Amino acid sequence: MKTTLKRSLLALSISVSLPVMAQTMFSDVINVEPTEPVSTSIWNDDKAQMNAFISDLISKMTIEEKIGQLDLQSGTRNVTGPSVNEEYEAQIRRGEVGAIFNSYGAEWTKKLQTMGVEETRLGIPLIVGHDIIHGHHTIFPQSIGEAASWDLEAIELASRIAAREAAADGISWTFAPMADITRDPRWGRVSEGAGEDAFLGSAIAAARVKGFQGEDLSEVDTVMATAKHFVGYGLSQGGRDYHTTDVSDHELWTTQMPPFKAMVDAGVATFMTSFNDLNGIPASGSKMLLTDVLRDQWGFEGFVVTDYTAINELVPHGYAKDDKHAAEIAFNAGADMDMVGLLYLNYMKQLVEEGKVNMEQIDNSVRLILEMKWRLGLFEDPYRYSSGERAEAELLKQENLDAARDVARKSFVLLKNEQNALPLDINNIDSIALIGPMADRTNDMIGNWSATGDRQTVPVTIRQGLEERLGDDVQINYAQGATHSYIYNAEDYEVKKHLRMLPSIYENDPTLDQNIQEAIEVAKKSDVIVLVVGEDWRMSGEAASRTDITLPGNQQRLMEELKKLDKPMNVVVMSGRPNDLSWLDDNADSILHAWYPGTSGGHAVSDVLVGDYSPSGKLPMSFPRSVGQVPVFYNEKNTGRPYDAENPNQRAEHYKSRYDDSDNTPLYAFGHGMSYASFEYSDIKLSSATMSIDGEIKVSVDVTNNGAHAGEEVVQLYTRQMVGSITRPVKELKGFEKVHFEKGETKTISFTLKSEDLAFYRAGMDWGVEPGEFQVFVGTASDDVKEANFIVTE
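For the sequence shown, the residue numbers in mature numbering (1 follows the signal peptide of the UniProt record, and there is no 0) are -22 to -1, 1 to 772.
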């Protein structure tokens, strides 16, 4: 039995800089020599002992047992698809399973681990995985909501608590973080990521890895993280899930690759392939991605798992002629473990016998998987993650619920606050009309991919939160008012059911109009309206793409009817994507975006509505004025005909890059978010007017809170290269800091821009800095900044 590994700590480096040279997709022309891979090992101290142990074990394994280590099977709790292997327990006993997922609970996972350890020839323990995306039992805000906090410490803490709960409940591996950068709110999986920007997304991805894995995977309260989905999934054409991605090398390496490189640098244990094909090659069969980049260029030392049946899907992609061919392609590309597809299990031995897969490569993949089992401490104590006592002490403990409440408050984005409509003046109102389909619905509070979260009894709704906070001081008058689901009349329902095209979310309720009338009556007898609208939680996530990003159901009619009452209307929006909120922007007094706020969400929303907490969230993704603007994002190119909306001679702007029927700008820009405090930026300064090409420059700005409330502000730093060897974005995020300000307080916030912050991939895909004029911007949002200029010299 081995001793516990002592591992060197990995200094977490949050950087969006990639290696000196990117691997081009279609060109063999490389302008610089590739760099040597940098070792990311964080278990060096006992590596010799580990290698000896694993080498001895591999020498004793049959080919069937080796192939078994490459097999990931689903347990009894399937959430991602229909492919459940009912014989998986027998497979475990035969040594044909290396890992399982969709199983949790100390007792159940111990039973499965017992099969793997005590009822097989070699007793190799299992890895137990689950989708711990934004919490386990205690659910934190939906991932895009966490990203809106722009608070790396809070995001890391959320992942740390999720890991502690999961590790106490039998789980040693999570399929998170999702780091796909996306600019298309039609795509349902927007809710699982960090938005549109690679710099912010990289920092968040690294923080989540650190939270899940801690400083040492041998600690029993950590879990292996998974960098997913590698790569390009967030650019699926049309925002349609699982669709094709066709993207230039510059776009791929500038917007998609950085978060994945950041996770490698953070020591992430595993990678997951994406479903999409990338420029004609499915990611699960791409040697360029899985070997040339991930292994050879980045030096990744963990193992690669495919997404759900992704190897099987090489056949319908038209990239493999049959399942056997698909297994050959994927394994030779660098996919070490097959998730539930059974193709390695069914065909690998035959492929070896035919000389299409070599045993050395199988041994290497087996070694990578066994190394992770060693690092997790499973060879020392296979049952260390299955402790009923630890689970009872850890799951949903008050400390976790309090943390979920705090992270949720940090994630809320105040989009609009006309004449300081919020916070509610609870000392001068007698009653609140709390209206909306999401105001008192526990299901929606915890969003999608909510692991083992209880949807019925544990989540705190907004109604519960307000009633507990206000007690008898303010009367809460509640009405549902509308539905936030798709609506079909009876005839349409029958047609769609017959054609098996009915979405899983629908309403066919003749009382819907009556519900609106009830809401009107409630509003009439109340002083102010708090309206909670949004999307049913099932409208976001995997297989939940939408062509219409307005609020569903009959919520629009409800909003219009309430507006006619001419009463203060404060709106809370709950959804997992940027929606078209144009009507609300024109008509609501305030808009607070709460995403899906989690287990303690109702308390958190109440805290913000009544002024116990000042909102500090900032948008990680631009909100379009309509779906016709999609994709809209802050770091666009200038074009040869940039449109000037401020030009008084608009005739001169006709033949410019613009829309006839809409502004170019988003409804709410990346980085936007208001506060009950009021922040003034002034006196931006540079340490020098010039910066050498290998030097650095300090940027500082004074920020003053002139408001009546204390609060936090996310100070954001952007740059622009005015002229380059290729066209450059109008802005790029290069730094941010979340800072607390008391009333009347002024602070000087400083950033240091270094040479690597100004580097980019040039025409030949070489990475470097160019001399010339730069602008630097510091401000409260990407569209609200102070600016200064400097020159980069040779």
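From the three backbone atoms N, C-alpha and C, an ideal C-beta is built for every residue, glycine too. As the structure is a prediction and not an experimental result, all values here were calculated from the model.
Query	Result
C-alpha distance - tryptophan 427 paired with proline 575, whole-angstrom precision	13 Å
CA-to-CA distance, glutamate 485 to phenylalanine 714, given in whole angstroms	44 Å
Reference alanine 457; option with closest CA among Asp432, Glu446, Val500	Val500
Three-state secondary structure assigned by DSSP to tryptophan 128	coil
Glycine 750: first and last residue of the uninterrupted alpha helix (DSSP H) it sits in	That residue, glycine 750, is in no alpha helix (DSSP H); its beta strand (DSSP E) goes 750 to 759.
Beta-bridge pairing of glutamate 765 - partner residues as DSSP gives them	Phe755
Local Cβ density within 10 Å of methionine 337, reported as buried at 16 or more and exposed below that	exposed
CB of proline 401 within 8 Å of CB of leucine 597, strictly	no
Limits of the beta strand (DSSP E) - the one that methionine 93 falls within	Segment 84 to 96 is the alpha helix (DSSP H) holding methionine 93; no beta strand (DSSP E) there.
Reduced DSSP secondary structure (H/G/I, E/B, other) of alanine 141	helix
Neighbourhood of alanine 686 by C-beta, 7 Å cutoff - its chain only, sequence neighbours within 5 removed	Lys721
For serine 365 and alanine 84, believed in contact at Cβ under 8 Å, the rounded distance	6 Å
Alpha-carbon to alpha-carbon, glutamate 748 and valine 7	Note on valine 7: pLDDT 26, under 50, position unreliable in the model; the coordinate value appears next. Cα to Cα, valine 7 sits roughly 21 Å from glutamate 748.
Contiguous alpha helix (DSSP H) assignments of at least 4 residues, all confined to the region 512 to 580	533 to 541, 560 to 565
Classification of serine 33 by the beta-carbon crowding that lies within 10 angstroms, buried from 16 upward	exposed
The region 110 to 122 / the region 134 to 147 touching (three or more Cβ pairs under 8 Å)	yes
C-beta atoms of alanine 247 and alanine 203 nearer than 8 Å	yes
Residue burial classification, valine 701 (beta-carbon count within 10 angstroms, cutoff 16)	exposed
Bridge partners - leucine 316, DSSP secondary structure assignment	In the sequence on display, residue 316 carries aspartate and not leucine. DSSP output for aspartate 316 lists Asp49 as bridge partner(s).
Every unbroken alpha helix (DSSP H) within the region 395 to 458, with a cutoff of 4 residues, ordered by chain	420 to 423, 440 to 448
Three or more C-beta pairs below 8 Å linking the region 227 to 234 and the region 271 to 287	no
Residue environment, leucine 509, which counts as buried when at least 16 other CB atoms sit within 10 Å	buried
Contact belief for phenylalanine 249 with alanine 205 at Cβ below 8 Å, rounded distance in angstroms	5 Å
Beta strand (DSSP E) runs contained entirely in the region 333 to 370, provided each spans 3 or more residues	none
Glutamine 120, DSSP secondary structure in three states	coil
Alanine 157 versus methionine 93 - alpha carbon distance	35 Å
Boundaries of the alpha helix (DSSP H) in which lysine 327 is found, first to last residue	321 to 331
Environment of isoleucine 413 [buried if 16+ CB atoms lie within 10 Å]	buried
CB of methionine 416 within 8 Å of CB of glycine 355, strictly	no
Anticipated Cβ contact below 8 Å, isoleucine 494 with glycine 449, distance rounded	With 8 Å as the limit, isoleucine 494 and glycine 449 do not qualify as a contact, their Cβ atoms being about 29 Å apart.
Neighbour-count burial assignment, alanine 630, 16 or more Cβ in a 10 Å radius	exposed
Alanine 185: first and last residue of the uninterrupted alpha helix (DSSP H) it sits in	176 to 191
Exposed unless 16 or more other CB atoms sit within 10 angstroms - verdict on alanine 240	buried
Check: glutamate 539 C-beta below 7 Å from any heavy atom of the ligand ATP	Within the structure as shown, the ligand ATP is missing, as the structure has no ligands at all.
From Met599, Gln453, Gly618, Tyr646, residue whose alpha carbon lies closest to that of leucine 562	Tyr646
Own chain residues within Cβ distance below 7 Å of isoleucine 424, not counting five before or after	Ile117, Gly431, Arg433, Pro437, Tyr574, Gly576, Thr577
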